[in-house]
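Position 133 of the sequence shown, counting from 1, maps to 1285 under the numbering used here, and the rest follow consecutively. Where a beta carbon is used, it is the ideal one built from N, C-alpha and C, also for glycine. Heads up, the thing below is written out as structure tokens.
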Amino acid sequence: MAMTAVRAVAVGGPASLSRFRGALVAAVVGDCVGGEFEGAEEVPMENVLQHLNSLDDETKGNSILDYSDDTAMARCVVQSLLTRTGFDEQDMARRFAKEYSASPGRGYGSGVIQVLKKLSSPQLSDVYQPARDQFNGRGSFGNGGAMRVAPFALAFPDIANVKRFARLGAMLTHSCSLGYNGAVLQALAVHLSLQGALDLPQEFISKLINEMEEVEGDKAALNDARILKEAEKPFCERLRKVRYLMNQSKVSIEEVISELGNGIAALHSVPTAIFCVLHCLQPREYLPESYGGLERTIAYSLALGGDTDTIACMAGAIAGAHYGIEAIPQSWIKCCEGAQDADMTAERLYMLYHQSSKGGRGETGEQSCKDKSEEASKASNCTEKKNGAE
Ligand code: R7I
Ligand code: MG
């Protein structure tokens, strides 16, 4: 009880600046420190702790852990949202393409590279088309839309806008509902965490399930789930598993991997990241007592192996919005490329968010929302048609 009160003072109330900074910076830190174990099948906790301890080692000088495509694309999202004071698909697509051609070696998924190359063509009229062409016209179900989505939750105070723009932003590269709905789920988790919803974990997971019931109820999602032989409303199914696992007193890493996954599909990583945060709200005997919740979350995400940088990045964004910037060790921030930059841009997102929650967004922003709403239904119709034809 007393510990919660202390934390609440440090992090401030709902949507405090500390939470914005925490979300953006912890996402970068998760990406950078997670790179060490990406693709590993088994990661002993001992190795994770050794890696994290080495970040405190001043004798290593200025050695920096590079960020990967997760952060490279999230930075484009932030810059686009700030420059356009809202969502502008042309601008965001252009930034993704430009970033890829300037720095192609960031570990992009093999499929998405084709999309990014096509997005750089000046002849392209529909920026959603390259993503729709992926995987024989079904679109990618990878977690690339979800890994970069946190800034949407930090730009739009209204939950309907968070869902709408998270989906559209993801569809620029991931047009399969199992890809873009993963992004919607991740954005919802950051949105709720920013409001302080993780103070009541049972309600937090129930809210996510309720929201996703509606999100996954559309024709495109039901159709994709059927074609890909997944459960009806697959993210809801996974979130129920998260709820089951979070209520167990002991859960093995093997069980988490086999129930939730640790792979590059959004379905096998977004619910996993959410579980990492929920599981690490309490101290765990296999993690140092000196660790706070954010450090526990990052360490635990790494110990799952698989797509460690992206799972730690997504878990970091949710946990950072809960614990705030003060919970991230300075030594970790210093070691991660782009973490200090993220801290500075977080304040600008905070201002954009609070400006629009007061209704202060100008004409262009309002108009832009209406246009994007129309674009959303157009994009969703296309997906429905495409799937119907298969
Ligand atoms: O989703 P994406 O941007 O990146 C996924 C992960 C992230 O962790 C990145 O950081 C990177 O490390 O990889 O990349 P995509 O290329 O869209 O999807 C990733 C991979 O998922 C593809 O290369 C495919 O192997 C697989 N995949 C699919 N396979 C078959 N059918 C995605 N969608 C499909 C599909 O529909
Ligand atoms: Mg990754």
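Separation of residue j from residue i, as counted between CA atoms
i	j	result
F1248	G1259	14 angstroms
S1404	A1245	41 angstroms
D1278	L1397	42 angstroms
K1381	A1418	15 angstroms
P1435	L1456	17 angstroms
P1282	I1379	21 angstroms
Y1475	E1499	16 angstroms
A1502	I1477	Sequence check: residue 1502 is Tyr here, not Ala. Each residue's alpha carbon lies about 13 angstroms from the other.
V1367	N1333	7 angstroms
G1261	G1296	8 angstroms
L1350	C1465	18 angstroms
L1324	Y1280	5 angstroms
P1274	N1313	29 angstroms
I1480	D1495	11 angstroms
G1458	H1420	10 angstroms
A1451	V1408	15 angstroms
G1490	L1391	31 angstroms
L1234	S1401	43 angstroms
E1251	F1189	25 angstroms
S1292	Q1286	6 angstroms
M1197	D1461	16 angstroms
L1201	L1276	47 angstroms
E1194	C1428	17 angstroms
K1315	M1364	10 angstroms
L1268	Q1507	32 angstroms
T1516	T1237	For T1516, the predicted structure reports a pLDDT of 33, less than 50, and the residue's modelled location is therefore unreliable. A value from the coordinates is still provided. In a straight line, the C-alpha of T1516 is about 8 angstroms away from that of T1237.
A1175	D1493	13 angstroms
R1227	I1357	28 angstroms
N1199	Q1482	21 angstroms
I1265	I1311	31 angstroms
S1509	A1469	21 angstroms
Contact belief for residue i with residue j at Cβ below 8 angstroms, rounded distance in angstroms
i	j	result
R1448	L1439	5 angstroms
A1471	G1445	7 angstroms
V1230	T1497	5 angstroms
A1339	A1305	5 angstroms
V1336	A1318	5 angstroms
L1360	A1341	6 angstroms
L1204	C1487	About 10 angstroms; that fails the 8 angstroms criterion.
P1353	L1412	About 16 angstroms; that fails the 8 angstroms criterion.
N1414	I1463	6 angstroms
G1551	L1217	A question about residue 1551 goes unanswered here, because the residues of the chain that appear run from 1153 up to 1542.
D1243	S1253	About 16 angstroms separates the two Cβ atoms, so there is no contact after all.
- Does the pairing of the region 1342-1352 with the region 1162-1182 give three or more beta-carbon distances under 8 angstroms? They touch, by the three-pair rule.
I'd like the ranges of any alpha helix (DSSP H) spanning at least 4 consecutive residues and lying wholly in the region 1217-1269. List check, alpha helix (DSSP H) in window: 1221-1235, 1241-1254.
* Decide yes or no for the touch test of the region 1322-1342 against the region 1368-1386: beta carbon pairs closer than 8 angstroms, at least 3 of them. => Taking 8 angstroms as the limit for Cβ pairs, the verdict is that the region 1368-1386 does touch the region 1322-1342.
### Query
Looking at C-beta atoms only, is the number of pairs between the region 1296-1306 and the region 1217-1237 that lie closer than 8 angstroms three or more?
Put simply, the region 1296-1306 touches the region 1217-1237. At least three CB pairs are less than 8 angstroms apart.
Problem - Runs of alpha helix (DSSP H) wholly within the region 1374-1456 (minimum 4 residues, chain order) - result: If we require 4 residues or more, the alpha helix (DSSP H) runs fully inside the region 1374-1456 come out as 1386-1398, 1405-1412, 1422-1431, 1445-1455.
Note to self: Give the list of continuous alpha helix (DSSP H) stretches no shorter than 4 residues that lie fully inside the region 1272-1336.
What the structure shows: Taking only runs of at least 4 residues, the alpha helix (DSSP H) segments lying wholly in the region 1272-1336 are 1281-1284, 1286-1289, 1302-1307, 1311-1323.
* In the region 1166-1202, which residue ranges form an unbroken alpha helix (DSSP H) of at least 4 residues, counting only runs that do not cross its ends? -> Segments of the alpha helix (DSSP H) lying fully in the region 1166-1202: 1169-1186.
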